[in-house]
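Going by our numbering, the first residue of the sequence shown is number 1248, and it counts up by one from there. Taking it in order: structure first as structure tokens, then the write-up.
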Amino acid sequence: MKNKVKQSAGMIAGLILGAFAVGGVSLVAVTHALTVERIAANERAATLRKVAAIIPSEHMDNDPLQDRIEVSAPDLLGGPISRVYRIRGGGKPLAVVLDPVIPNGYMGPIKLLISVLADGTLGGVRVLAHKETPGLGDKIEFAKSDWILGFTGKSLSNPPEAQWRVKRDGGVFDQFAGATVTPRSIVRAVKDTLRFVEQRGASLYDRPAVVTPQATGES
């Protein structure tokens, strides 16, 4: 009789532990799903804010994160695959926003976000990520200085391509005291991005959009 009681108690304890285990796994799964969704939503909102800062957003009537294509031009855009977000208004192309990578920054890769308007001028440039030296190369950040704003309104003809250099190299763009490599790399990357857009032309707007989880803001 005692053995049966012990067996029953053991079975009940096992069932209770099993129920807790299942409940715990379910809770973790639900929490993970909610967290992933929240992170994706936050990343999407952050990306949209960054895009809106360098495009004529008051005229935009499409979702650039959904109206996206992928291109491969490592010679001009730095990475094996680059994203191109299309900005449209009233059914007309307004701008493209690209995410080129500079593989050879002073301290490592530099990730950029660059908008090129339909007329070939720059809507703006922002630095997404970098490892440049604090107090020197990090002046490429908009939060640290207004240097990055100097690209707005520029094009391959303004200034002429030969002057797309830092002043130390005979160009028109400022460099930082004690840190020339970083701005030199960014000037070159911005010019190469303009060259890419010029070469591809209207085809950047005509290709069908790629819809993937990344289009919702995931990296």
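The beta-carbon is built from N, C-alpha and C at its ideal position, and this holds for glycine as well. Every value quoted in this text rests on a predicted model; they were computed, and no experiment measured them.
(request) Can you have a look at Ser1362 and say buried or exposed, based on whether 16 or more other CB atoms are within 10 angstroms of its CB? (result) buried
(request) Compute the Euclidean distance between the alpha carbons of Thr1213 and Phe1398, then round it to the nearest angstrom. (result) The question about residue 1213 has no answer, for the chain in this structure spans 1248 to 1466.
(request) Please name the residue or residues paired with Ser1404 in a DSSP beta bridge. (result) According to DSSP, residue pairing for Ser1404 in a beta bridge involves Pro1407.
(request) Flag this pair as touching only if the stretch 1374–1393 and the stretch 1324–1339 have three or more C-beta atom pairs under 8 Å; answer yes or no. (result) no
(request) Quickly, what does DSSP pair Tyr1332 with across the bridge? List them, please. (result) Paired residue(s): Arg1315 and Val1344.
(message) On the CB-based measure, 16 or more other CB atoms within 10 Å of its CB, does Gly1355 come out buried or exposed?
(response) Around the Cβ of Gly1355, a 10 Å sphere holds fewer than 16 other Cβ atoms; the residue is exposed.
(message) Considering just the uninterrupted stretch of the alpha helix (DSSP H) at Val1434, what are its terminal residues?
(response) Run containing Val1434: Val1428 to Arg1447, per the alpha helix (DSSP H) assignment.
(message) I'd like the list of long-range same chain contacts for Arg1431, defined as Cβ closer than 6 Å, with 5 residues on each side in sequence excluded.
(response) Val1413
(message) DSSP has Gly1384 in a bridge; who is on the other side?
(response) Per DSSP, none; premise fails for Gly1384.
(request) Check whether the Cβ of Thr1294 lies closer than 7 Å to any Cβ atom in chain D. (result) Among the chains in the structure shown there is no chain D, since it carries only a single protein chain.
(request) Taking all protein chains shown into account, decide if Arg1315 is buried (16 or more other Cβ within 10 angstroms of its Cβ) or exposed. (result) Buried, by the Cβ-count rule.
(request) Buried or exposed for Gly1417, please, with buried defined as at least 16 other CB atoms from any protein chain shown within 10 angstroms of its CB. (result) exposed
(message) Helix, strand or coil, according to DSSP, for Ala1299 in the structure here?
(response) Helix at Ala1299.
(request) Compute the Euclidean distance between the alpha carbons of Asp1385 and Lys1358, then round it to the nearest angstrom. (result) 13 Å
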